[in-house]
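Report on one structure; see the data block that follows.
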Amino acid sequence: MNFNPGDIVNFSVMVAPILFLLAVGLMLMLMDVLKAHSSMPLIAGLGLIGAGVLAVLPEKISSMQAFYGMIEVGNIAPLNIVFLCLSGVFTIFFLPDYLKRQDKPIYEVYTLLIFAIIGMIMMANASDLLITFIGLETFSIALYVFAALFKKEETSNEAGLKYFLLGAFASAFLLLGISLLYGLTGYTNLNDIAANASKLTDNPALFFTSIGLFIIGFLFKVSAFPFHNWTPDVYSGTPTPLAGFMATGSKMAAFIALGTVLIKLNFTQYDKLVNVLALAAILSMIYGNVVAVRQKNLKRLLAYSSIAHTGYVLLGLCAGKAGFVAVIFYMFIYTIMNIGAFGLVGIAERTLADTDMDKWKGLGIKAPYFAAAMSLFLFSMAGIPPFAGFMSKYQVFIAAIGSGQILLAVIGILTSVIAAFYYIYLIVIMYFGKNESPEVSPRFDWTTGLGVGLLAVLILLLGIFPSLVLQPLLQYMSGSISAVAAAF
Amino acid sequence: MTFDSIFQIAFFWFFAILGIAGGIGLITQKNPVMAALSLILNFFSIAGLYLSLQAEFLAVIQILVYAGAIMVLFLFVIMLLNMQDEQNQQFDVMKGLAFLLGLGFFGELLFVFNSFMGKSVSGAFPLGKVEPIGMQMMTNYLFPFEMISVVLLAALIGAIIIAKKHSYK
Amino acid sequence: MVAYFGMFLIIGIAVILGVMLTGLSGIIGPKRPQEEKYMAYESGMDPVGTAQERFSVKFYMIAMLFILFDIEVVFMYPWAVQYKELLKFGWFPFLEMLTFIVILFVGYIYVYKKGGLDWD
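So the sequence lines, in the order shown, correspond to chains D, U and Z.
Sequential numbering of the first sequence, starting at 3, is according to the working numbering.
Sequential numbering of the second sequence, starting at 3, is according to the working numbering.
Sequential numbering of the third sequence, starting at 4, is according to the working numbering.
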């Protein structure tokens, strides 16, 4: 690795999406200062779309990693950027209207959203553990601020403080894991660590401790079972569309990063690691779904359901390399339906406390479009065909069965039945609940209407033609990039 | 024994004992300001331990950032919250459980680190002094270095949103 | 390690001197306790309230911004120390640091314009 300033130009082209997003972020900061507030959502959205396009533009890649093995630019990396940017775009559809109705014109949200997505991209595409950590910190800081955004509200303060303290703790575990891996091998670069795998197994106690701490850090970020406690409180205190973003974008990035690291270390050969992940998956699925049944508050219900969905994704992760496509596919579908569901809850609520299920009685008659859209997202989350949620669950179960994890798949299917109960219960409340004058009166403005429409169409489309996403995923995974770039 | 090795041992024990004294002071002092000052002692001796590992840059940063800047924030928070002297706290089961868990984790780490004792890491290059760090940061680790600025920007915006009085109505 | 001996000596002497000077004056100094002597000195007035007054978040705001820029300086330190060596890459190291500073300068403009440094 001889450093040559001339390389930097090439490398900069390779990470163009990140640099472009950075420029957009800086521009948003200046716009904020110059009080050009009204066009900030538009610029942020266009910036994210632009970064996504830059990522998949056909280009000759001379190496798989840029900046001397720091960040992945080949393989599946461009698609990760597209998915993460899309999660931001979906969120932006719901934000301006929500902030306006709450009477809290905080325009920094868009800037922070861009920076958060830069962090997520870095973490998901990192091929050096240093970048993993820097990316994690970048988006974590942005998310802490999101949780505490409505600083005058007590619930928001609670959410911010809880998320910050526990998140900092989890980062510490992750960092200890990384430093032990460095201590074992002498490298922070994932490829170098993988090439020196024999050094890892020389000292099994230290290896399992380090990788265990590493996994703990990530399990916290994805709110898997033993580290899920913060989830309901934080999601219910966070501004609703941002809670949707928190539950999807950051989890997607964390799962991709965890999956990449584990697969590079070839983790399926260590039964202990697979068992730990499988246990977390089983407990998350059971706990999330069972506790969600008893929830009376919509945001808490969605929070518990998000714990359960984490379980399903972990199930795919246990399948190792074969399940990785399913994991990313699941997270993308989950991103669409969860941001949609959180966005709709955000449309319906006037104050942060206004999310009780009882208040939604009779919405099916009063706000038919709204109720129909919500039902669609809920059906999809329950995994009922022909919606996309079914396809994503199917992929994950197939991957689990294919790798011999039959028990996991069976538990997954059983808990899906429990899940279907509470999702459909909410639909029943909306359509058959007796209430002459529902207190909530959701109204779409054009951005939210457009957003909901787009997400609903995507759910239907991907439910019927899942290969629209699966095909590119498989192709990028196998490395035939140019063929796919033409198809886009 | 040569003077060098005696000095090395003395150096380690001096800072190790000082650090533990600071740590004990931190949790036993009733006055929160005194506890914070004990923490400075602890930070300072950790900087000393870094020096004993030849990690000069880390030692300097430890003093500059932790013992200097971060401690100012600690003291500000104490004054901001107007904390009074700690009252006698009741012992409860959860605290006992947390203590036991912590002790277990400590024991586990001790066991693991012990298995690491005396082995040197091949491949790791000597990166304790300021010069190699500067060299690496500007060449092979250029990307993380530039991206640190994004972390700092995000923190900056967050600080303004949350702590500034009239950032929005 | 021996290279640190001088530093160790300075710390040792400083600690001994500090402990000795305050300790000695405590031991051999005359003690005639009076109530007024133990009162906090507030320019001749009798002190009101406690010494630990609650204080404004403004101080914290400044301190927090200070830390962020302090960390920026931390990154400039190894760069500055190594700059002569880095000159073999020509102007490039300078541009690297310039990028870093320009990005954070946008942050500074932001803070300044948002009134983060105002004392209102």
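Think of the CB as a built atom: it goes at the ideal place given N, C-alpha and C, for glycine as much as any other residue.
- For the stretch 146-171 of chain U, the residues whose beta carbon sits under 8 Å from a beta carbon of chain Z are, in order, Phe147, Glu148, Ile150, Ser151, Val152, Leu154, Leu155, Ala157, Leu158, Ile159, Ala161, Ile162, Ala165, Lys166, Lys167, His168, Ser169.
- Chain D places no beta carbon closer than 8 Å to that of Phe101/U, leaving this residue out of the contacts.
- In summary, Ala118/D is buried, with 16 or more beta-carbon neighbours lying within 10 Å of its beta-carbon over all protein chains present.
- Distance check between Leu378/D and each of Val412/D, Arg352/D, Ile338/D, Ser158/D places Ile338/D closest, using alpha-carbon atoms only.
- By the C-beta criterion, the stretch 14-25 of chain Z is judged not to be in contact with the stretch 176-195 of chain D, since fewer than 3 inter-stretch pairs fall below 8 Å.
- Under the three-state reduction of DSSP, Glu38/Z is assigned to coil, being neither helix nor strand.
- Not a single C-beta of chain Z is nearer than 8 Å to the C-beta of Leu115/D.
- Contact annotation for Val35/D against chain Z: Ile112, Tyr113, Lys116, Lys117 [CB-CB distance below 8 Å, chain order].
- His311/D: member of the alpha helix (DSSP H) spanning 300-320, first to last residue.
- Interface annotation, Phe69/Z: not in contact with chain D, CB-CB separation never under 8 Å.
- By the 16-neighbour rule on beta-carbons within 10 angstroms, Thr25/Z is exposed.
- With fewer than 16 other Cβ atoms inside 10 Å of its own Cβ, Tyr115/Z counts as exposed.
- Under DSSP, Ile73/D takes part in a beta bridge, and its partners are Ala68/D, Ala128/D.
- The beta carbon of Ile104/Z does not come within 8 Å of any beta carbon belonging to chain D, so the residue lies off that interface.
- For Glu133/U, the chain Z residues whose Cβ falls inside 9 Å of its Cβ are Pro81, Val84, Gln85, Glu88, in order along the chain.
- Secondary structure at Met79/Z: helix, using DSSP grouped into helix, strand and coil.
- One alpha carbon belongs to Asp358/D, the other to Leu168/D, and they sit about 27 Å apart.
- Chain-order list of chain D residues neighbouring Val109/Z: Leu28, Met31, Leu32, by C-beta distance under 7 Å.
- Asn191/D carries a strand assignment under DSSP once its states are collapsed to helix, strand and coil.
- Rounded to whole angstroms, Glu351/D and Ile135/U show a C-alpha spacing of 52 Å.
- Your pair Ile63/U and Val77/Z checks out as a contact, with CB atoms roughly 6 Å apart and the cut at 8 Å.
- Under a 10 Å Cβ-count criterion, Thr450/D is classified as buried, with 16 or more other Cβ atoms of the shown protein chains found around its own Cβ.
- In this structure Thr242/D is in contact with Phe344/D, their Cβ atoms being roughly 5 Å apart against a cut-off of 8 Å.
- For Trp448/D, the enclosing alpha helix (DSSP H) covers residues 448-466.
- One thing to note: Met248/D has its Cβ no nearer than 8 Å to the Cβ of Phe85/D.
- When secondary structure is reduced to three states using DSSP, Asp358/D falls in the strand class.
- Using beta-carbon distances, Phe95/Z counts as an interface residue toward chain D, with a partner under 8 Å.
- Interface residue (Cβ-Cβ distance to chain Z less than 8 Å): Pro107/D is not classified as such.
- With contacts defined by Cβ atoms closer than 8 Å, Ala305/D and Thr211/D do not form a contacting pair.
- Taking every protein chain shown into account, the CB of Asn82/D has 16 or more other CB atoms within 10 angstroms, so this residue is buried.
- Closer than 8 Å to the CB of Phe58/Z there is not a single CB belonging to chain D.
- Cβ-Cβ distances below 6 Å link Phe46/U to Ala69 in the same chain, with the five nearest sequence neighbours on each side left out; the list follows chain order.
- Secondary structure note for Pro34/U: its alpha helix (DSSP H) is the uninterrupted segment 34-54.
- Rounded to whole angstroms, the separation of the alpha carbons of Leu416/D and Tyr314/D is 12 Å.
- Here DSSP, grouped into helix, strand and coil, assigns Met48/Z to strand.
- Interface with chain Z (8 Å Cβ-Cβ cutoff): Pro7/D is included.
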